[in-house]
Amino acid sequence: MSNTGYGKLIKDGLWSNNQALVALLGLCPLLAVTNSAINGLGLGIATTAVLVMSNATVSLIRNLVRPEVRLPVFVLVIASFVTAVELSMNAWFFELYKVLGIFIPLIVTNCAIIGRAEAFASKNHLAPAIIDGLAMGLGFTCALTALGSLRELIGLGTLFSQADLMFGPIASEWTISLGANFKGMLIAILPPGAFLGLGLMIALKNIIDKRLTKKKPVAVTAADGDLEAGTTA
Amino acid sequence: MQFTTITSPHSDRPNSVSRTMLLVILALIPGAAAMIWYFGWGILINMLLASFTAVVCEAIALRLRKRPIVPVIGDFSAVLTALLFAVAVPPLLPWWLTVIGIAFAILLVKQIYGGLGYNPFNPAMAAYVLLLVSYPVQMTSWLPPEMLNEHPLTLLQSAMVIFTGTLPGGLSWDALTMATPLDSMFTQLDQSKMVSEILMSPLWGDFGGRGWEWVGNWYLLGGLFLLYKRIISWHIPVSMLGSLLFFAMLFHFLDQEAYPFGMFHIFTGGTILGAFFIATDPVSACTTKKGQLVYGACIGLMVFVIRTWGGYPDAVAFAVLLLNMAAPTIDYYTQPRTFGHQGARRD
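Right, dumping it as structure tokens:
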């Protein structure tokens, strides 16, 4: 494909085709593990790693695999990388591995990954496939972390608690707290909070998109002359 | 002398949303007054605070949605939601919980779906459940009814507790509050006490908790008024109370000491309020007559199941929300046959 510049790939992955907020893929881990910012970040990074590696591999073997058997092959590729990531986390981030539990092996079933393999990597060269995997993964990670932060902040009144699970003992002081008197809203860290939070995030994204499309024509004219009008618009 | 002659049709004023809502509020008065009598001024303060918050939230939401504000607030639906919420929550609920609950009900449960007539869930009950799940301690700190209350609070003291959280001198929350009859019944049943043993406590009246059963009676009066005015039809209240009574009596018959008698379920907790005022919400309930029977019966069953085996003290709110979710499906399968059309042939 000729019209996919790298800039557009990155913008697609992070914002306009964000796998979590626009495509609504991978909702199972998205809703289940985002009860704290660190959990969201951890699972997001693991997913990104798998996505980059599987996209690269699928792109490399795209001419060798017959279309009839492509899906089982993709799943095998993804499953191998998930196993690798799971074993590495078990070795190096054991505490986080215990917290995330079943959701690391479940990355295999994350539709976002097989979706990208099928829709993008199997039709493109190696470099765009890697960039696409990275951008999509980071977009997914951002959404997971944002939702995790939101839920942790409302539910427990803290942010980045247990950061030492990921970044080592130095990070144990990173926790931001709203004070011991803050009475958290328990529902935010329970499953309903995930649905409510995701709904609100999608609404926020749509509002921002709407504002941006409205602004565009004004911004162009403002750039020519009247700066004042541009800033107030 | 000339008489004014009015030509036909000789009909009453057309029903409007405002009139319906006002009649429901009117029907709520006896029950609400009884609650204020038995549980103190806190109820009244909660009602005023909740109504004020509801109107403000509705106005904000309508402004954001660029809709006319005054006519929508004038339909009193937000006020009714606020009043139903206020009679469901404990009398001394801290003010910020009332504000959070009502803001959730109006902004997220009602307006975000498109306002009155579009909300799939009952806003007052959704707010109640949100708070119950999030703040179980505050949401279960009920006051004892008037005849058992050793420290009745004045209007000013109640306001102080609600708005600043300071208790009158020498009192603690434990001295002031008491488990609801429903709560104490099922907590003690969990400790394998017998029903007859539990009922020895002065907490109990003839059917349910003392005070509570009378509140139930006054709500019943309001409910009958609604039936008389044809604001609600008999299907939902009758099938809900009937199925609750049926299952409660069935289990009571099987083991008298492990399951309280049938009328207990009717006259404790929010059963009657729920049956006449909440389950009958015209927006979130079923619309077909047959569907309403199924809907009410399922609510009754769910109330019994959640009360008996569930973790939360009262179940009306959970049961109503669960069945709200099922209402479109029930409606789909209970469409009445159009006149003149034949029913589906079974060969």
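Protein chains in written order, with full-length UniProt numbering: chain A, 1 to 233; chain B, 1 to 347.
Glycine residues also receive a C-beta, built at the ideal position from the N, C-alpha and C atoms.
Treat the numbers as computed from the prediction; the structure is a model and nothing was measured.
Secondary structure of residue i, DSSP reduced to three states
| i | result |
| --- | --- |
| B/G209 | strand |
| A/I176 | strand |
| A/T158 | strand |
| B/V17 | helix |
| B/H309 | The identity of residue 309 of chain B in the sequence shown is Trp, whereas the question assumes His. The answer is helix: DSSP assigns B/W309 an H, G or I state. |
| B/W37 | helix |
| B/M147 | helix |
| B/W234 | coil |
| B/M263 | helix |
| A/M89 | helix |
| A/A223 | Because A/A223 sits at a pLDDT of 43, beneath the cut-off of 50, its placement in the model cannot be relied upon, and the following sentence gives the value as read from the coordinates. Reduced to three states, the DSSP call for A/A223 is helix. |
| A/M166 | helix |
| B/M178 | strand |
| B/P336 | coil |
| A/G230 | Any reading at A/G230 is ruled out, since the residue's pLDDT is 37, under 50, leaving its predicted position unreliable. |
Residue i and residue j closer than 8 angstroms at C-beta
| i | j | result |
| --- | --- | --- |
| residue 249 of chain A | A/L153 | For residue 249 of chain A there is no data in the structure shown, the boundaries of chain A being 1 and 233. |
| B/F121 | B/V109 | yes |
| B/S158 | B/I45 | yes |
| B/M194 | B/E146 | no |
| A/G155 | A/G115 | no |
| A/G148 | A/N18 | no |
| B/G223 | B/P237 | yes |
| B/G270 | B/V316 | yes |
| B/Y295 | B/L250 | no |
| A/V108 | A/I78 | yes |
| B/S284 | B/A319 | no |
| B/K290 | B/T334 | yes |
| B/V161 | B/S77 | no |
| A/L25 | A/A112 | yes |
| A/G199 | A/L150 | no |
| A/E118 | A/F74 | yes |
| B/I232 | B/T288 | no |
| B/A86 | B/I43 | yes |
| A/G42 | A/L106 | no |
| A/A37 | A/F160 | yes |
| B/L241 | B/G300 | yes |
Own chain partners of residue i with C-beta closer than 7 angstroms, once the 5 adjacent residues on each side are dropped
| i | result |
| --- | --- |
| B/L97 | L131, Y135, Q138 |
| B/G165 | P94 |
| B/S184 | L203 |
Amino acids of chain A, ordered along the chain, whose beta-carbon sits closer than 7 angstroms to that of residue i
| i | result |
| --- | --- |
| B/S134 | M185, L186, I187 |
| B/L130 | I187 |
Neighbourhood of residue i by C-beta, 6 angstroms cutoff - its chain only, sequence neighbours within 5 removed
| i | result |
| --- | --- |
| B/L153 | G40 |
| B/V99 | T53 |
| B/M9 | Residue identity check: residue 9 of chain B is Pro in the sequence provided, not Met. Here the set comprises nothing. |
| B/P123 | T81, A105, V109, K110 |
| B/F163 | W95 |
| A/G7 | none |
| B/W212 | P181, T268 |
| A/G225 | Low local confidence applies: a pLDDT of 41 at A/G225 is under 50, so the model's placement there is unreliable, with the coordinate-based value given in what follows. None. |
| B/S239 | L293, G296, A297 |
| A/N3 | Interpretation of A/N3 is limited by its pLDDT of 49, a score under 50 that renders its predicted location unreliable; no figure is taken from the coordinates. |
| B/F261 | H252 |
| B/L220 | I272 |
| A/Q162 | I38 |
Own chain partners of residue i with C-beta closer than 8 angstroms, once the 5 adjacent residues on each side are dropped
| i | result |
| --- | --- |
| A/A56 | A121, L126, A129, I130, G133 |
| B/T187 | A179 |
| B/I29 | G222 |
| A/L178 | L153, G157, T158 |
Chain-ordered neighbours of residue i on chain B, where CB pairs are closer than 9 angstroms
| i | result |
| --- | --- |
| A/L190 | V133, S134 |
Below-8 angstroms beta-carbon distance, residue i vs any chain C residue
| i | result |
| --- | --- |
| B/W96 | Among the protein chains of the structure shown, namely A and B, there is no chain C. |
Check your understanding: Contact between the segment 60 to 73 of chain A and the segment 132 to 149 of chain A: three or more CB pairs below 8 angstroms?
Key -> A contact is defined here as three or more CB-CB pairs under 8 angstroms, and the segment 60 to 73 of chain A fails this definition with respect to the segment 132 to 149 of chain A.
Point to revise | the segment 81 to 95 of chain A touching the segment 49 to 59 of chain A, judged by at least three CB pairs closer than 8 angstroms | key: Contact check between the segment 81 to 95 of chain A and the segment 49 to 59 of chain A: three or more CB pairs, one atom from each, fall below 8 angstroms, which counts as touching.
Check your understanding: Are the segment 202 to 210 of chain B and the segment 253 to 267 of chain B touching, with three or more C-beta to C-beta distances below 8 angstroms?
Key -> Enough Cβ pairs lie closer than 8 angstroms, so yes.
Check your understanding: For the segment 58 to 65 of chain B against the segment 24 to 37 of chain B, are there 3 or more C-beta pairs whose distance is under 8 angstroms?
Key -> Per the Cβ contact rule, the segment 58 to 65 of chain B is not in contact with the segment 24 to 37 of chain B (fewer than 3 Cβ pairs under 8 angstroms).
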